[in-house]
Amino acid sequence: AARQMQERIEARKRELAEKKRKRELAEKKAQEEAEAMNKYAAEEQAAAEAARSMAERIEARKRELAEKKAREEAEAMERYAQEEAAAAEAARQMQERIEARKRELAEKKAQEEAEAMSHLEAGAMEAYVAEEQAAADKRELAEKKAQEEAEAMNKYAAEEQAAAEAARQMQE
Numbered sequence: 303a304a305r306q307m308q309e310r311i312e313a314r315k316r317e318l319a320e321k322k323r324k325r326e327l328a329e330k331k332a333q334e335e336a337e338a339m340n341k342y343a344a345e346e347q348a349a350a351e352a353a354r355s356m357a358e359r360i361e362a363r364k365r366e367l368a369e370k371k372a373r374e375e376a377e378a379m380e381r382y383a384q385e386e387a388a389a390a391e392a393a394r395q396m397q398e399r400i401e402a403r404k405r406e407l408a409e410k411k412a413q414e415e416a417e418a419m420s421h422l423e424a425g426a427m428e429a430y431v432a433e434e435q436a437a438a439d440k441r442e443l444a445e446k447k448a449q450e451e452a453e454a455m456n457k458y459a460a461e462e463q464a465a466a467e468a469a470r471q472m473q474e
């Protein structure tokens, strides 16, 4: 009976030792799993932070590029406006020169006619007619040249206006 009791005690000790070993293994496994989950969570958080940081850098770069583009477009429009103003001023000056030349020619014609009338003699009528024809030819050439200059300026102004319209449409 004592031997049986001793065997039951030994069996119970082995049983308890086995349970303790299983419990320790389960605790160790649970601890390892918890550590692995913590490590995974930390990696996930780091990846999310890296993605957020990358998204912020991308957005900042997009803003920077948009601002640069807007600045360049504003500068281009300013240069274009300056060129337009310069072209308009050149056209105005050209028109002033044409008008001044017309006045000059008209004054010269009137002066020539007055001189011709004061110097006109009965026998010099043919010379006067030839002189008048030559003056008329000169006036015609001068008027033709003035007309060509005016047409060239109008053509230039139309091209400038078309360019301005094209630039405006490109901006829209």
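Under our numbering, the residues of the sequence shown are numbered 303 to 474, in order.
Even glycine gets a Cβ: it sits at the ideal position worked out from N, Cα and C.
Please read these numbers as outputs of a predicted model, since none were measured by experiment.
Tell me the rounded alpha-carbon separation between Ala-464 and Arg-399. 25 Å
Between Lys-322 and Lys-315, what straight-line distance do the alpha-carbon atoms span, to the nearest angstrom? 10 Å
Glu-375 to Glu-351, Cα distance in whole Å? 36 Å
Roughly how many whole angstroms lie between the Cα atoms of Lys-446 and Glu-366? 57 Å
Do the region 432-439 and the region 406-421 touch if we need at least three Cβ pairs shorter than 8 Å? yes
How do the region 395-409 and the region 444-462 stand: do at least 3 beta-carbon pairs fall below 8 Å, yes or no? yes
Would you grab the beta carbon distance between Arg-396 and Met-455 for me? Rounded to a whole angstrom, and I think it's under 8 Å. Looking at the sequence provided, one finds Met at residue 396 rather than Arg. About 5 Å; that satisfies the 8 Å criterion.
Proximity below 7 Å, CB of Ala-459 to CB of Ala-383: no
Alpha carbon to alpha carbon, how far is Glu-385 from Ala-368? 25 Å
Spatial neighbours of Ala-469 within its chain, please: C-beta separation below 7 Å, excluding the five flanking residues on both sides. Tyr-382
So what does DSSP say about Glu-398, is it helix, strand or coil? helix
Distance, Lys-457 Cα to Ala-390 Cα: 13 Å
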